[in-house]
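A.B. asks:
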Amino acid sequence: MFWKSILVSAILATRAITEAQQVVTVTKTVYESNQCLEEYAKKILPNNPAGLTTGIPVVLVYEPKSQNGQTQLQGQNQQQQQQDQDQDQQHNTNQVQGQAQSQGEQSRTVASTARAQSSTARKSQNVVVTRSQTTTTIAETTVCERNGCEVRTYTTVIAVPLTYTSALPAVETDKIVFETTSVRTAETTTSTIFSATTLPSTTYTPSTDVTVLSPSIQNPVSSQSVVSSSQSVSIDTSSITGPVTIGAESTAVRTTNSTDTNSSNGSAVTTTSILSSLIETTDSEGSTITSTLYSTSTGVTSNAAVSSSSSPASSLSSSSSSSGLSSGYSNSTSEYGSSSTAAESESTSGSLTDISSELESTTESESATESESSTPSAESSTEASSSAETSEEPSIETRVCYSGDLFSAVDTVAPPPVFPRDQIPISVATGVNNNGQPIGTNKFYTNLVINNQDLMVYPLPYALYWSKSNYYGFGVQHINLDQRVFGSQNTNNVGVASYYFDPANNGEIIFSATSFAEDAMNMQVTEMTDMSALVTLMSSAEDEINYLNIPLVQGMGFATGIYNGNLTPLLNSLYGFQTLTVETSDALLPNVIKYRATLLNGIEWLIYVTLPTADTEFELEVSSIHAIEGSASVDGLIIQVAIAPEDSDQDAYYDAAAGTYVTTATLLGSVVCDTAASYKISYLTRGTSSSGKPLIFALPHHLSALTGDVLSAATGIQVASTTKGNMTGFLTDELSFSETINYDVEFLPWLPSLSGPLTYTQDQLTLLASSANHELAVDIRSTVANMNSNYFSGKVIDKYAQILLVVSEIIQDEEVTQDALDAMKDAFDTFLNNEQYYPLMYDTKFGGVTSTSAQKGDTGADFGAAYYNDHDFHYGYFIHAAAVVGYVDKKLNGTWAEDNKHWVNSLVRDTSNPSTDDTYFPVSRMFDWYSGHSWATGLFNTYKNIESSSESLHHAAALKLWGKVIGDHSLEARGGLMLAIMVRSYNDYFYYKSDNTVEPEEILPNKVSGIFFENKVDYTTFFGAPDEYPQYVHGIHMLPITPSTALARIPSYVQEEWDDQVVTFIDNVTDGWLGILRLNQALIDARSSYEFFASDDWTDNYLDNGQSRTWSLAFSGIYNSL
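Structure below.
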């Protein structure tokens, strides 16, 4: 009866998959010996070939007997979640799945709380995509033995490859519609306490002056000469006698935690052809547990991956690291590269401390020896050749499946002493104090810590600034679309707006106090984190009793002022007040007073006064047409202002949030099995409100990734942002998101339409070899060291790293691989010893590894890197190159990555330190987790911007690959998460398809943003305008083109940009920009791109100094595999 129950459970699960295609209940089995499992597997799945996946997500888990005859438990679980899609409506529902009981074992699988969302979609014409998702669950299993019962908790991920019905996947533009939450409402009584009877002779008008950008930096694409050198070895093209197919098995470095052999376990793996994976899970206290998991499905590898594949140039042996390396090639993404259907990791990680000791003892006794064999292809030469096609049996691959914290510190020790300690020559403004913690240099509040401190800051949705003339305090303005300025200058697109911006420093409401004056107002900026800062105003810098606090937090629903001591509140307006009314309602807390102020320009603002206790005496009154005063000073008085919604019924949500304000925000997150990422922005609040929640606004790219309770907290309120479309309000204290990390996009060429392993013909390999021989005939160290900027040095060293990768993984010439690897190590020594043109230093003022280029007064040298401009661009190249060198070296049993980890990690920590545990660097200097992308500019006195989205993307990919190489799984997953977020934000804010609904339609024909500022989008570059050089503004958002490029630059967008823009000017481009444009073409037409790079009239003049012909041929040569 027992085995019949298992068989019935499996049949029911199979039927659920084939008929319902939605939610599957998977029953866990008890653990039996190998022979029993094999016999029943044959009965249940009689047509399942040995070594292949079942094709259905039914997993029979067992534990072979150990040498002492006892059976040990191995954790296993299953989950299914299916997303139904049609053209007009989408529903994602996670359901509590059924329970199954079997003798002494009970199992239940639980997914996250239901999410229902409707959307409207516009699909690209004539293109259909079948998508599948990676999902996660918790499985709680109660195991009863003679001595009693215990509950064990497991997590798992099931990833199913995507099926494409077209070479060009469709993209959907979704308008997410959320169901609004309920709040208390009541009848409102309105009383007018002021109405202007006379108007001023002149009224305030915002400035619409435009500053024309003139070229201010060096062209980042150049063809600097190389230092030639004769090669000691080169690839013998005559040895290439056939094609090569590269599969995932051939590029994996297999590692385990033990070298002890267990014949019983090894036999079980061989007999049943089950893939073995190392699953790392983090328990509730943050410890890492490693166990061996057996599964009949690889999840992320398509069936084509089981076909014959070539073996690497040299044997791949284990190392002491627990990291499994693979260059990656398989396909598991939609056109956007990732989906937001993963369950929240906070709810799925579970506590695993109760099985820690068992897993540790199990791992020690397991086999860790693997082997692989290859047989020459019948069509190939029988002689051993690094490029000949070979065939091998599918091997068992060890993969680290990391589950745990996404934001673990990379390191917490001091940066290596090779970076001398010094301070960059810029002053921190008076009153700025972060209590010894590093200050963010590329954050929304940076303008408040440098120079005159009077430029705008944009925490969004409001813009604020220190008002030091006319009215004295802190100004607040909303984004008024009626005041938005569009214009056109120096563009190749006649009749199309080339820029738009929102006027700045227009204090609609100015927080002030009656005691503030021109010579009696000081500002302090403290408590700076990656997403918040605290502004404090006082009449005297020494006054610690009477002060006004204004917390600035990204996404804050109100601008809030907290009056302390004897300050009498004063609200000014540059526009002036036309009316002021007081509105009473039982929906408000008794200590909250609500006002509505209408400005002379007709704009209405809500003003909420929250008193420490109910007070019928305090009131606001208009003292002049530009001033509203409080009737008395109240210690602890809170004033909150917000732009009034067009629909007055939505006031109820502001009423419900009034009295609660946010003070800071923290980032938390976890990942399950490398791919299912959950993260949230958690807001710390003070005060009280009727709902107990603050009002938080989310950006457009947030909406489709939202998950959890926030989905039921929508208000329906929308407020315009500066350059990111309309923001949506939620009554919540956290924004929770889920993303699916694309595990497959790694080192080797990849496109979304790739359906199997990479294949290169004999002719392609021969041309690749000839190109590599030519491009490697240089002194790499001298060539890199001769560059006059760390930016150019990084690009060039990364170029040669890509060539090394092609030689190692595609051409597979062992001797030249070793020679190129040695040359790359030698080139890196220049930087490891800090002997480059501009050495690096550790800046003790702001906490960062930065260029010494400004130490002699030239702040613009090295592209402004000394002041933290473009660090992710510059360092991304070095980190990626280090990942390639470390990867190839590790395959050859080297320890280069481990030996030089601290130097590379210093660059990682400078750009993207994830944790306050690391006190040497600010948290997330470059990447803005709220905005969804990085900001450049650093400490320069201007507004934050990003000019090269693609180089920032490259940096995130580099983090992912470097984390993989050194076994830092948190870093690897975090880099993957950044990529997934960038896919969303880039296609909303930087890459303009014709159906983009976020950016103004006036600029969409440009197809790309150009320079994307906090408050302006400008279709140009800092080094040349598109009227003369349109390739600049398009190409700077393309380079460098790597596998991760295809995630963000979705085919439908690339096709539109190519048709509408690139073809209009490409025939006039003859320099290094041409190679970039043509390699970008490979994303939509790889064959034509390859023909360009393979042409007989080829010239290296078509290449930027960071691009090689070898890599371009390899990347575009992917057309054979599509």
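Residue numbers (mature numbering (1 follows the signal peptide of the UniProt record, and there is no 0)): -20 to -1, 1 to 1102. Even for Gly, the Cβ is constructed at its ideal location relative to N, Cα and C. It should be emphasised that the depicted structure is a prediction, and the values quoted were computed from it without experimental measurement.
(1) In the DSSP assignment, the beta strand (DSSP E) including arginine 576 goes from what residue to what residue?
(2) If we call anything under 8 Å between Cβ atoms a contact, is glutamate 927 one with phenylalanine 1002?
(3) Quick check: leucine 551 and isoleucine 489, are their CB atoms within less than 8 Å of each other?
(4) Hey, threonine 708 and alanine 685: beta-carbon distance below 8 Å or not?
(5) Hey, quick one: how far does the alpha helix (DSSP H) through tryptophan 1053 stretch, first residue to last?
(6) For alanine 166, does the count of other Cβ atoms within 10 angstroms reach 16, so buried, or fall short, so exposed?
(7) Once DSSP output is grouped into helix, strand and coil, what is the label at serine 1101?
(8) Mind pulling the beta strand (DSSP E) runs of 3 or more residues that sit fully within the segment 625 to 705?
(9) What are the start and end residues of each continuous beta strand (DSSP E) run of 3 or more residues lying completely inside the segment 991 to 1069, in chain order?
(10) Please name the residue, chosen from Ala916, Asp852 and Ser669, that lies closest to serine 892 on a Cα-to-Cα basis.
(11) Hey, would you say alanine 577 sits closer than 8 Å to aspartate 635, going by beta carbons?
(12) Is aspartate 1084 helix, strand or coil when you go by DSSP?
(13) Within the segment 714 to 758, note down every full beta strand (DSSP E) run reaching 3 residues or more, in order along the chain.
(14) Mapping DSSP to helix, strand and coil, what is leucine 1093?
(15) For glycine 736, tell me which candidate among Asp743, Leu728 and Gln742 has the shortest Cα-Cα distance.
(16) Given this structure, state the Cα-to-Cα distance separating proline 1006 from valine 398, to the nearest angstrom.
(17) To the nearest angstrom, how far is the alpha carbon of aspartate 595 from that of glycine 667?
(18) Can you tell me whether DSSP reads histidine 851 as helix, strand or coil?
(19) Whole angstroms is fine: what's the gap from isoleucine 530's alpha carbon to glutamine 1061's?
(20) Just the C-alpha distance for valine 456 and methionine 1018, rounded to the nearest angstrom, thanks.
(21) For glycine 866, does the three-state DSSP call read helix, strand or coil?
(22) Taking DSSP as the reference, what is the three-state secondary structure of serine 932?
(23) Can you tell me which residues form a DSSP beta bridge with arginine 401?
(24) For valine 429, tell me which candidate among Ser447, Thr410 and Ser989 has the shortest Cα-Cα distance.
(25) For the beta strand (DSSP E) that glycine 827 lies in, which residues bound it at each end?
(26) Is isoleucine 783 helix, strand or coil by DSSP?
(27) Would you call isoleucine 525 buried or exposed, if buried means 16 or more other Cβ atoms sit within 10 Å of its Cβ?
(28) Please report the straight-line C-alpha distance between phenylalanine 858 and leucine 887, rounded to a whole angstrom.
(29) For glutamate 609, which residues does DSSP report across the bridge?
(30) If you follow the beta strand (DSSP E) that residue 1110 is in, where does it begin and where does it stop?
(31) Report yes or no: is there a C-beta of chain D within less than 8 Å of the C-beta of proline 729?
(32) Three-state secondary structure (DSSP) at valine 614?
(33) Could you tell me if serine 1092 is buried or exposed, where buried requires 16 or more neighbouring beta carbons within 10 angstroms of its beta carbon?
(34) Looking only at its own chain, which residues have a Cβ that is under 7 Å from the Cβ of valine 786, when we skip the five neighbours before and after it?
(35) From what residue to what residue does the alpha helix (DSSP H) around tyrosine 969 run?
(36) Could you tell me the boundaries of the alpha helix (DSSP H) in which asparagine 885 lies?
C.D. replies: Let's see:
(1) 572 to 579
(2) yes
(3) yes
(4) no
(5) 1052 to 1061
(6) exposed
(7) helix
(8) 640 to 652, 656 to 667, 675 to 678 and 694 to 700
(9) 991 to 993 and 996 to 998
(10) Asp852
(11) no
(12) coil
(13) 714 to 720 and 738 to 740
(14) helix
(15) Leu728
(16) 42 Å
(17) 17 Å
(18) helix
(19) 49 Å
(20) 37 Å
(21) helix
(22) helix
(23) Tyr822
(24) Thr410
(25) Looking at the DSSP string, glycine 827 is not in any beta strand (DSSP E), and its letter there is neither H nor E.
(26) helix
(27) exposed
(28) 8 Å
(29) Leu550 and Glu601
(30) Residue 1110 cannot be examined here, being either before or after the span of the chain that is shown, -20 to 1102.
(31) Any reference to chain D falls outside this structure, which holds one protein chain only.
(32) coil
(33) buried
(34) Leu748, Ala752, Thr1090, Trp1091 and Ala1094
(35) 949 to 969
(36) 881 to 892
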